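A.B. asks: Protein chains in written order, with the numbering used here: chain A, 14 to 335; chain B, 14 to 335.
Even glycine gets a Cβ: it sits at the ideal position worked out from N, Cα and C.
Everything numeric in this text was worked out from a predicted model, so none of it was measured.
The following block contains the structure, expressed as structure tokens.
There are 2 protein chains.
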Amino acid sequence: MIKPLILAVDIGGTKTAFGFVSEEGKIIHHDHIDTGQSADPSELIGRINQAVEEAFESLRKEYSLVGIGIGAPDANYFNGTVDFAVNFKWKGVIPLAKLFSESFHLPAVLTNDANAAALGEMYFGAAKGMKDFILITLGTGLGSGIVANGKLLYGHTGFAGELGHTIIIQHGRMCKCGRKGCLEQYCSSTGIVKTYLEILKNDGKELPENIYDIDSRYIYEKAMGGDPAAFYAFNYTGELLGFALANAVAFSDPEAIFLFGGLAQAEELLFNPVNISFEKNLLEIYKNKVKILPSGLAASTAALLGAASVAWDERKKTISDV
Amino acid sequence: MIKPLILAVDIGGTKTAFGFVSEEGKIIHHDHIDTGQSADPSELIGRINQAVEEAFESLRKEYSLVGIGIGAPDANYFNGTVDFAVNFKWKGVIPLAKLFSESFHLPAVLTNDANAAALGEMYFGAAKGMKDFILITLGTGLGSGIVANGKLLYGHTGFAGELGHTIIIQHGRMCKCGRKGCLEQYCSSTGIVKTYLEILKNDGKELPENIYDIDSRYIYEKAMGGDPAAFYAFNYTGELLGFALANAVAFSDPEAIFLFGGLAQAEELLFNPVNISFEKNLLEIYKNKVKILPSGLAASTAALLGAASVAWDERKKTISDV
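As structure tokens, this is what we get:
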């Protein structure tokens, strides 16, 4: 018997991952392509389609694709659109779910990549059984998915949980969103690179030969190798993140906050300063109650599992409506 | 036939209001007493009991009290306790619902006064039919009640929605909670008084004869009379509040934010700077979508209606369980 699979797609600022996911959350196959910087989203969808065709060829005898779950930054679950994305060249409101659906001839559902990761964590990861938690994705930007009362918070227009764009330092670093001092300008892969370069500059140190090669991985390795500037960059990043998370707790009083993505893989180097700053800045009633934890899912698959779980959920709703 | 009423109690830092509320949300009678600053909460409960006895005397033939709904700052709905209250002399964890229940021989339910006001707004005020909104109380402190997906956000331990204790200015004004720069140190009746006195001092102006007579009402009247320092105090307060609310929108994406309490009665004097700063600081996707509105309920009764609605709701649950 042919088994149904969801095509899960996770569109990031740099890479776009895709995978085929069963109803039990098993990833049959996954891969990624470069997101690229075309102003036309159809260009990316065309390349995804081609990559999926090739990857699915050998699975066709056993499986069939029944739907698409897409995670993307600035995505709107209600409308199926990506609105004013700041990490892509796309302009205005992009009907991404519709474009995917037309390209693949399959039903498609779209959600914020951080919301997708939060659902993935709840269904298949370390947040199983939790009803109130926050998941923070530390990638090119900073995304967040907030679960309250056992449900993902979508808000009135589908844009709840944009903690990366809370202003953390008034008149701070310029953000792609056009405002200044957004959290993601400090606490993200790009944020820590800016911090590291600032520290080197302020210390009068020579900048590395090709500064465009510097990423959070580079800074991690420098810090582990004893570079004080790199170590301090992690400290500063963690301090600000801990502060921001303490403020977030005053909003939704979560049981735990999960850190997910590239930066979170730095483990103690990031978690230590986050925890110290977090507890220091918490209101008394929350102290020693809220755990900051690493995601329970592999970084490469959590967003896919999340995107897939939204699609599976949607499929069940549609079938039961018939 | 004897009609049932809920005794609604709203405990504030300065005054404690009480009233008798019907199931339809009609307030049969209401009054208030001074909260006082006794370290023993039983002292306050004893005085409330006495005042209730006297007020209820003439109603006894027609009505009977069937339960108590209490709103208080730092109250925990789950436990029925007030934990580490910063606006009272009470110490540690106070089992307020139990103390009320024992004093009155009636079932008692406790909730945060701001949460109570939010429920009041949803059932009887300007938030009727809304599923996602935030209510901000601007009193001695700054309280907040957050409604998401049509439900009040309680969080994992019952302490969601403490926006007054998000740190808005790092290393800012000392707060009663022991930390520095909390929102309520700026945006509240006490906050605006501090701002006004700071402005007078910085301008080298003479301070008024008895600075302890200065409250938000005094500053309002000064501003309406053309005092630039008072006008600027409202501007500064509104600017910070608008900034904080723009950050709050990135969390729960509400349809509207309601401002409630003494300061909100300053109307344009507060709402104008709030609105300008709010729209300026909003992320693009939220701009011109979120309304900042005055509460639809009278300041004197909203918290009572909210506290009563929690008690009525609780009573229905209890009866249907039998």
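From PHE291 of chain B to LEU196 of chain A, what distance separates their C-alpha atoms?
C.D. replies: Sequence index remark: in the second sequence, residue 291 of chain B carries index 278 (1-based). Sequence index remark: in the first sequence, residue 196 of chain A carries index 183 (1-based). The straight-line gap from Cα to Cα measures roughly 18 Å.
A.B. asks: Which same chain residues, not among the five before or five after ILE182 of chain B, have their C-beta less than 6 Å away from its C-beta?
C.D. replies: Within the second sequence, numbered from 1, the residue matching residue 182 of chain B stands at position 169. Counting only Cβ-Cβ distances below 6 Å, and skipping sequence neighbours, we find GLY194.
A.B. asks: Please tell me whether GLU134 of chain B and LEU148 of chain B are closer than 9 Å, where the distance is taken between their beta carbons.
C.D. replies: Locating residue 134 of chain B in the second sequence gives position 121, counting from the first residue. Locating residue 148 of chain B in the second sequence gives position 135, counting from the first residue. A contact, by the Cβ cut-off of 9 Å.
A.B. asks: For TYR299 of chain A and chain B, any beta-carbon pair shorter than 9 Å?
C.D. replies: Your numbering for residue 299 of chain A matches position 286 in the first sequence. For TYR299 of chain A, the answer is yes, since a Cβ of chain B falls inside 9 Å of its Cβ.
A.B. asks: Measuring alpha carbon to alpha carbon, tell me which residue in B:GLY239, B:ALA246, B:PRO241 and B:ASP216 is nearest ASP228 of chain B.
C.D. replies: Here residue 228 of chain B refers to the residue found at position 215 of the second sequence. Residue B:ALA246 is the option with its Cα nearest to ASP228 of chain B.
A.B. asks: Let me know if ASP266 of chain B comes out buried or exposed under the rule of 16 or more other beta-carbons within 10 Å of its beta-carbon.
C.D. replies: In the second sequence, counting from the first residue as 1, residue 266 of chain B sits at position 253. ASP266 of chain B is buried by the Cβ-count criterion.
A.B. asks: For MET237 of chain A, name the three-state secondary structure that DSSP assigns.
C.D. replies: Numbered from its first residue, the first sequence carries residue 237 of chain A at position 224. Helix, per DSSP.
A.B. asks: Of the residues that make up the region 176–188 of chain A, which ones have a beta carbon closer than 7 Å to any beta carbon in chain B?
C.D. replies: Cβ contacts with chain B: LEU176, HIS178, THR179 and ILE180.
A.B. asks: Counting pairs of beta carbons, one from the region 162–180 of chain B and one from the region 277–293 of chain B, are three or more of them closer than 8 Å?
C.D. replies: Cβ pair count under 8 Å is below three, so no.
A.B. asks: Helix, strand or coil: how does DSSP classify ALA139 of chain A here?
C.D. replies: Locating residue 139 of chain A in the first sequence gives position 126, counting from the first residue. It is coil, neither helix nor strand.
A.B. asks: Ends of the alpha helix (DSSP H) at LYS16 of chain A?
C.D. replies: Counted from its first residue, the first sequence places residue 16 of chain A at position 3. From DSSP, LYS16 of chain A is part of no alpha helix (DSSP H) but of the beta strand (DSSP E) over 16–24.
A.B. asks: Quick one, which residues of the region 164–175 of chain A are near chain B if we go by CB-CB under 8 Å, in chain order?
C.D. replies: From the region 164–175 of chain A, only LYS164, LEU166, TYR167, GLY168, HIS169, THR170, GLY171, PHE172, ALA173, GLY174 and GLU175 have a Cβ closer than 8 Å to chain B.
A.B. asks: Just verifying my parser: in three-state terms, what is the DSSP assignment at SER308 of chain A?
C.D. replies: Numbered from 1 along the first sequence, position 295 holds the residue referred to as residue 308 of chain A. Coil at SER308 of chain A, not helix or strand.
A.B. asks: Can you list the alpha helix (DSSP H) stretches of 4 or more residues lying completely in the region 125–169 of chain A, in chain order?
C.D. replies: Fully enclosed alpha helix (DSSP H) runs of 4 or longer: 126–137.
A.B. asks: For SER77 of chain B, which beta-bridge partners are listed by DSSP?
C.D. replies: Position 64 of the second sequence, counting from 1, holds the residue named residue 77 of chain B. Looking at the DSSP assignment, SER77 of chain B forms a beta bridge with B:PRO17.
A.B. asks: Closest to GLU268 of chain B by C-alpha separation, out of B:GLU219, B:ASP216 and B:GLY142, would be which residue?
C.D. replies: Here the question's residue 268 of chain B lines up with position 255 in the second sequence. Among B:GLU219, B:ASP216 and B:GLY142, the Cα nearest to that of GLU268 of chain B belongs to B:GLY142.
A.B. asks: Taking only beta-carbon atoms, is CYS190 of chain A less than 9 Å away from chain B?
C.D. replies: Along the first sequence, one-based indexing puts residue 190 of chain A at 177. By this cut-off, CYS190 of chain A is an interface position.
A.B. asks: Taking C-beta to C-beta, are VAL99 of chain B and ALA85 of chain B nearer than 9 Å?
C.D. replies: Position 86 of the second sequence holds residue 99 of chain B. Position 72 of the second sequence holds residue 85 of chain B. No, Cβ-Cβ distance for VAL99 of chain B and ALA85 of chain B is not below 9 Å.
A.B. asks: Tell me which residue opens and which closes the beta strand (DSSP E) that VAL65 of chain A is part of.
C.D. replies: By 1-based counting over the first sequence, the position of residue 65 of chain A is 52. Counting along the chain, VAL65 of chain A falls outside any beta strand (DSSP E), though it belongs to the alpha helix (DSSP H) covering 54–69.
A.B. asks: Count Cβ pairs between the region 103–111 of chain B and the region 144–164 of chain B that sit closer than 8 Å; are there 3 or more?
C.D. replies: Verdict: no, contact absent.
A.B. asks: My output table needs one value for ALA173 of chain B: the three-state DSSP class, helix, strand or coil.
C.D. replies: For this step, residue 173 of chain B is matched to residue 160 along the second sequence. It is coil, neither helix nor strand.
A.B. asks: Would you kindly work out how many angstroms separate the C-alpha atoms of TYR4 of chain A and VAL206 of chain A, rounded to a whole number?
C.D. replies: Here chain A comprises residues numbered 14 to 335, so residue 4 of chain A is not present and cannot be evaluated.
A.B. asks: Grab me the residues of ALA139 of chain B's own chain with a C-beta within less than 7 Å of its C-beta, minus the 5 sequence neighbours each way, in chain order.
C.D. replies: Numbered from 1 along the second sequence, position 126 holds the residue referred to as residue 139 of chain B. PHE271, LEU306, SER308 and GLY309, listed in sequence order.
A.B. asks: Give the range of the beta strand (DSSP E) segment to which VAL95 of chain B is assigned.
C.D. replies: Taking the first residue of the second sequence as 1, we reach residue 95 of chain B at position 82. 94–96 is the extent of the beta strand (DSSP E) around VAL95 of chain B.
A.B. asks: Is the beta carbon of TYR76 of chain A less than 9 Å from the beta carbon of ILE40 of chain A?
C.D. replies: Translated into the one-based positions of the first sequence, residue 76 of chain A becomes position 63. Translated into the one-based positions of the first sequence, residue 40 of chain A becomes position 27. Contact: no.
A.B. asks: With DSSP run on the structure shown, which of helix, strand or coil describes ASN215 of chain A?
C.D. replies: Taking the first sequence and counting its residues from 1, the one referred to as residue 215 of chain A is at position 202. If DSSP states are grouped into helix, strand and coil, ASN215 of chain A belongs with the helices.
A.B. asks: What is the residue span of the beta strand (DSSP E) that LEU72 of chain B lies within?
C.D. replies: Walking along the second sequence from the start, residue 72 of chain B turns up at place 59. Taken as a continuous stretch (DSSP letters only), LEU72 of chain B belongs to no beta strand (DSSP E), as it is neither H nor E.
A.B. asks: Residue range of the alpha helix (DSSP H) that ILE289 of chain B falls in?
C.D. replies: For the purposes of this step, residue 289 of chain B is taken as residue 276 along the second sequence, with counting starting at 1. Residues 281–294.
A.B. asks: Between the region 322–329 of chain A and the region 21–28 of chain B, are three or more C-beta pairs nearer than 8 Å?
C.D. replies: The answer is no - the region 21–28 of chain B does not touch the region 322–329 of chain A, with fewer than three Cβ pairs under 8 Å.
A.B. asks: So the candidates are B:GLY105, B:TYR136 and B:SER201; which of them puts its Cα closest to the Cα of ALA257 of chain B?
C.D. replies: For this step, residue 257 of chain B is matched to residue 244 along the second sequence. Selected option, being the one with the closest Cα: B:SER201.
A.B. asks: Secondary structure at GLY49 of chain A, three-state DSSP: helix, strand or coil?
C.D. replies: Locating residue 49 of chain A in the first sequence gives position 36, counting from the first residue. Of the three classes helix, strand and coil, the one that applies to GLY49 of chain A here is coil, per DSSP.
A.B. asks: Starting from ALA110 of chain A, trace the alpha helix (DSSP H) both ways and give me its first and last residue.
C.D. replies: As a first step, residue 110 of chain A is located in the first sequence; it is residue number 97 there, counting from the start. Element bounds for ALA110 of chain A: 109–117.
A.B. asks: Output the distance between the C-alpha atoms of LEU72 of chain B and ALA242 of chain B, rounded to the nearest integer angstrom.
C.D. replies: Along the second sequence, read from residue 1 onward, the residue named residue 72 of chain B stands at position 59. Along the second sequence, read from residue 1 onward, the residue named residue 242 of chain B stands at position 229. Their Cα atoms are separated by approximately 49 Å.
A.B. asks: Counting only Cβ pairs nearer than 7 Å, list the residues of chain B close to ASN92 of chain A.
C.D. replies: Stepping through the first sequence from its first residue, residue 92 of chain A is reached at position 79. Those within 7 Å of ASN92 of chain A in chain B number zero; the least Cβ separation is about 11 Å.
A.B. asks: How long is the line joining the alpha carbons of THR48 of chain B and ASN288 of chain B, rounded to whole angstroms?
C.D. replies: Here residue 48 of chain B refers to the residue found at position 35 when the second sequence is read from its first residue. Here residue 288 of chain B refers to the residue found at position 275 when the second sequence is read from its first residue. Each residue's Cα considered, the two are about 34 Å apart.
A.B. asks: Who are the near neighbours of ARG186 of chain A in its chain, counting only those whose CB is closer than 6 Å to its CB and skipping five residues on each side?
C.D. replies: Taking the first residue of the first sequence as 1, we reach residue 186 of chain A at position 173. Only GLN198 meet the Cβ criterion.
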